[in-house]
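Student:
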Amino acid sequence: METIQLSIQGMTCNGCVGSVKKVLQALPGVSGVEVSLEHNRATLTYDPAQTGMAQFKAAVEDAGYDVA
Ligand SMILES: [Cu+2]
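Residues are numbered in our numbering as their position in the sequence shown, beginning at 1, plus a constant of 141.
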């Protein structure tokens, strides 16, 4: 397992936090997600054999936010 921090742009409330968390947790290979509204950051624990930055970015963008 590896851990990565993503800078997320566009989150304005706890609803946004929940949306980002939900789409990232739904990705195969992601085992843990923490999202901080204060720091505009998502911390993911994942299996690099199954998923990675391209999937994280696509999921966040599909939810309406941006990865900085
Ligand atoms: Cu919101």
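Cβ atoms here follow ideal geometry from the backbone N, Cα and C, with glycine treated the same way. Note that this is a predicted model, so its numbers are computed, not measured.
What does DSSP give as the partner residues of threonine 144 in its beta bridges?
Tutor: According to DSSP, which records beta bridges pairwise, threonine 144 is partnered with Thr186.
Student: With distances taken between CB atoms, is the gap from serine 148 to asparagine 181 smaller than 7 Å?
Tutor: Result yes, Cβ atoms of serine 148 and asparagine 181 sit closer than 7 Å.
Student: Flag glycine 156 as yes when its Cβ comes closer than 6 Å to any non-hydrogen atom of ligand 1, and as no otherwise.
Tutor: yes
Student: Should valine 164 and valine 176 be called a contact, given that it needs their Cβ atoms to be closer than 7 Å?
Tutor: no
Student: Name the residue from Val201, Gln150, Tyr187 whose alpha carbon lies nearest to the alpha carbon of alanine 209.
Tutor: Gln150
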